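If you're matching them up, the sequences are chains B and Y in order. Counted from 1, the first sequence has number 282 at position 282 by UniProt numbering; the numbering is strictly sequential. Counted from 1, the second sequence has number 86 at position 86 by UniProt numbering; the numbering is strictly sequential. The beta-carbon is built from N, C-alpha and C at its ideal position, and this holds for glycine as well. Since the model is a prediction, treat every value here as computed from it, not as a measurement. To keep things clear, I will list the structure first and then write my remarks on it.
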Amino acid sequence: MLNFIVRRLLAILPVLLAVSLLTFLIASLLPGDLAMVILGDQATPENVAALRHDMGLDQPLWWRYLSWLGHVLQGDLGRSFRTGQTVLQAVSERIPVSLELMLMAEFVGLLIGVPIAIACAARAGGAFDRFMTGSAFAMLSMPSFLVAILLIYLFAVELHWLPATGYVPFTEEPLANLRFFVLPALTLALAEWPGIMRVLRSDMIATLQEDYIALAKAKGLKPSRILFVHALKPSSLTLVTVTGINIGRLLGGTLIVESIFALPGIGRLLVGAIYTRDLVILQGVVLLVACGFVLVNFIVDMLYAVLDPRIRHGHA
Amino acid sequence: MTRIAAAARRHAPIFLVAAFAIVPLAGPASAQKAGGSITVGQELDIPGFDPLKVGVYDTSTFTAAAAIFDTLVTLDDKGEAAPKLAESWTHSDDYKTWTFKLRKGVTFHDGTPFNAQAFKDNFDRQKDPANKCRCAFYITNVKEVLAPDEYTVVYHLTDPSVNLPATITIQSQNNVVHSPTAWKTKGDDYNRNPVGTGPYILKSWTAGDRMVLEKNPNYWDKSRPYLDRIVLKPLPDAQSRFASLQSGEADIIWDDENDADNIMKAQKDSKLTVHTYKGSGAQVYAFNTKVAPFDDVRVRQALVMAIDRPKMSQAISNGLSRPASNPYGDGSWVKCKDDGALPYDVEKAKALIKDYGKPVEFRMLVTATPRGRMIGQVLQQFWKRVGANMEIEQVDQATIPSRAFTRQFQLTPWRIVDLADPDPQMYANFHTGSPLALAGFSDPELDRLLDHARVTADVGQRTEDYCAISRLINKEAIWFWTFQNTYYALSSAKLKGFPKIYNSVIDVSDAWLE
């Protein structure tokens, strides 16, 4: 197992390096000059040149990348020139919000997707199965900003059940905090459950055709027991993977939802950085999100290997 | 997302070529009630308050600054300069020296006394070249500020300014007064821990979420403020911002013409109030008259005459945008009987292009936002009809000023913001030799009128000058204007005492709840 972990970690290193290079290039190749952005309308060519020199912008690209990477490796991702905050400060303020949103969204997605998948697999090809598979496609094609606005109009404006926007930290008012997260989490979950449902459904349909299920049926076990006890667990392997990957993907995918529901998370930080051309924050956040994604994938790989020994021995 | 993107265009302070404007202090005469708390739904996150860090305030920062800080001068409900931290002022005959007498007994929230030296420290800090502040650009017309005694501040200007007090009233990065003790002791942290003399004190601020302001119990104006607490929240999405107002989570929200549907919905809702302010200034465009085809007046005139403003307004804002025929707007004191506007005349435009004889092909800069694109496309259609081919060049917001200043454009969008006086912007935009005279057009008569208007005290005479300037610019078609500036805020009908939205500042520092 240790051998496997080391091999995987070594494989991740070039990925992380590529991520850092791409992140650096994105920010460096954007049109416009950082020095010009900082100095603004009053910039004279001399001022710009001086600032460019101070910031090392007049150095060759490779030199700037290595110097930036050197700082990053020492934990220094830079400081916003607008707010004076360091990237790590800004991110650590925002990350709890995004993590909570992601976890709730995934939880709600599972809550919707798993029961539907089981019900569909139990009567594969039946009316309910066909209807839900169709609905899943419909949900997948609904953009999340539209879902968000519809939910807001229904639950906040018309029914007054839930707040349209806002946020309170969990540590201050736990119940209010959860109320604020219901609609955003539901918005994301509505895009998540179709994937969850389809993966679990097809795995379960395959499992239900195994010999031991036929044996269980022959023994006269109750259908619900067969479904939940005998079929669900062996069908969940792919679901674990998908759930893990979803969490990583959600980390980058909350931009729209956080903006609409005014949640102060990473997504909002990133959107703000783009509009204000705060390239230091932009670079730092993209790098951290990308690394988070790689890390989650690594953990999923590990889990997978734990669940199925064939994988860590390289047979599957 | 598109709303946010469009909003980002407005936010860019870069367009506030000379960010001066007007502060409202229009308390209603009816009985104000004390107490209560309101939530303001803003468009953007506030980056901070230290001019050295943020450079130029945006519309969201203005709202907070209006509550936390004071300015020397404010405007009364007629739009005329009125005392705030300064009680009175005088000027020299040539309008190049202004002397302000300060209010006594005012202290900052941290206990530091407010006096002439504190004001001078604020000014010097921005002006100091070593600090490289973007904010310095807007005070280049001020040579120095002196503090001859504890309660006297003297401005020495490089050029005459007949209306200086009115132009320093907006709660901008240059005009609000910070506590020198606070920025010296807090260093980098001052940006997010502002200290002023204003009616509200910053209580807490959660990044990206909320800023809580509480009533200043020691405010120098004992009758104010009325509300106990103001909560400022960034709600970047226009739809959910409006939904928050409807569901009661916000009491007042920022809005603009891009959001025409919701503004119209609010007009029909008896629980809501639509606050509209028809400001001065306009959305404007500058031709580069140094390059073909705009070095020929016929081409410029033809393009201006081809624009159907009412139809354009319908296309971009459901008809809410108000056509402009001069750079001053309905909110300005400059009212012209004849501003020399060229008529909408397709046939005449076609004839002019034909007369020019060569193909009219050019590129126009637009911002890379949905709104920028749409404006570009609408103009493209108008001009195509009269035989001119325009190619849209979408560029980043921050690129436009640098392209404009270096004259790397044929046609560029610009903006004349809501100002108490047209002089600072008109002089900068049209006087020969000004770095902002984007058209590259030089005319002795235009220079004479601009020079005369800035040293003349008589309003009638100045009006004459500015109308003559408008006639000249319209005739030469070196710039053109599409729509006047209009500012919006939507609030609960219970919110009272909300003043005019000068230069898009949602100032709730005098508001109260019924």
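Think of a sphere of 7 Å around the beta carbon of Y:D237: the chain B residues whose beta carbon falls inside it are S259 and I260, in chain order.
Look at B:G126 here: in three-state DSSP terms it is coil, with no helix or strand label. For Y:A489, the enclosing beta strand (DSSP E) has its first and last residue at W479 to S492. Against chain B, the CB of Y:V334 has no partner CB under 8 Å away; the residue lies outside that interface. Contact annotation: the segment 174–186 of chain Y touches the segment 103–120 of chain Y, with at least three C-beta pairs closer than 8 Å. Think of a sphere of 9 Å around the beta carbon of B:G109: no beta carbon from chain Y falls inside it, the nearest being about 22 Å out.
For the options Y:K358, Y:V459 and Y:P343, the alpha carbon positioned closest to that of Y:K475 is the one of Y:P343. Among the bridge pairs identified by DSSP, Y:Y200 is matched with Y:K215. The C-beta of Y:Q267 has fewer than 16 other C-beta atoms within 10 Å across all chains shown, which makes the residue exposed. Between B:I213 and B:I196, the C-beta gap is not smaller than 8 Å, which leaves the two residues out of contact. What B:I152 touches in chain Y, judged by beta-carbon distance under 7 Å, is S240 and A243, going in chain order. A straight-line Cα-Cα distance of about 33 Å links Y:K186 and B:P174.
Scanning its chain for C-beta atoms nearer than 6 Å, with the 5 sequence neighbours on each side dropped, one finds around B:V182 the residues L162, in chain order. Sorting Y:G387, Y:D396, Y:F430 and Y:L513 by C-alpha distance to the C-alpha of Y:R373 places Y:D396 at the top. Distance between B:I116 and B:M132, taken at the CA atoms: about 8 Å. Within the segment 155–186 of chain B, the residues whose Cβ lies closer than 8 Å to any Cβ of chain Y are, in chain order, A156, V157, H160, P163, A164, T165, G166, Y167 and P169. In summary, the residues of the segment 195–222 of chain Y whose CB is separated from some CB of chain B by less than 9 Å are T206, A207, G208, D209 and R210, in the order they occur in the chain. Distance from the CA of Y:A34 to the CA of Y:N131, rounded to the nearest whole angstrom, comes to 42 Å. Contiguous alpha helix (DSSP H) elements confined to the segment 376–432 of chain Y occur at 399–405 and 423–430, taking only those with 4 or more residues. Excluding five sequence positions before and after Y:E214, the CB atoms of its chain that fall closer than 6 Å to its own CB belong to I201, K203 and R229, given in chain order. Around B:I95, the same chain offers I266 as residues with beta carbons nearer than 7 Å, after the five sequence neighbours per side are excluded. Looking at the DSSP output, Y:H275 sits in a beta bridge with Y:A489. When the Cα atoms are used, Y:D124 and Y:C133 turn out to be separated by approximately 11 Å. Residue contact with chain B for Y:V54: present (Cβ-Cβ distance below 8 Å to some residue of chain B). With a beta-carbon spacing of about 6 Å, B:F145 and B:I260 fall inside the 8 Å limit used to define contacts.
In this structure, the CA atom of Y:Q239 is about 7 Å from the CA atom of B:I149. For Y:Y344, the three-state secondary structure derived from DSSP is coil.
For Y:Y155, the uninterrupted beta strand (DSSP E) run begins and ends at T152 to L157, by DSSP. Sixteen is the threshold: when 16 or more other Cβ atoms of the shown chains lie within 10 Å of the Cβ of Y:S280, as they do, the residue is buried. At least one CB atom of chain Y sits nearer than 8 Å to the CB of B:R82. Looking from the CA of Y:N485, the closest CA among Y:P327, Y:A439, Y:G460 and Y:G387 belongs to Y:P327. No residue range can be given for Y:I168, since it is assigned to no alpha helix (DSSP H) and is classified by DSSP as neither H nor E. Inside the segment 29–82 of chain Y, DSSP marks whole alpha helix (DSSP H) runs of 4 or more residues at positions 51–54 and 59–68, from first to last along the chain.
The beta carbon of B:V157 sits closer than 8 Å to those of A164, all from its chain and outside the five residues before and after it, given in chain order.
Secondary structure of Y:E361 (DSSP, three-state): strand. Interface flag for Y:S402 against chain B is set, since a Cβ pair is found closer than 8 Å.
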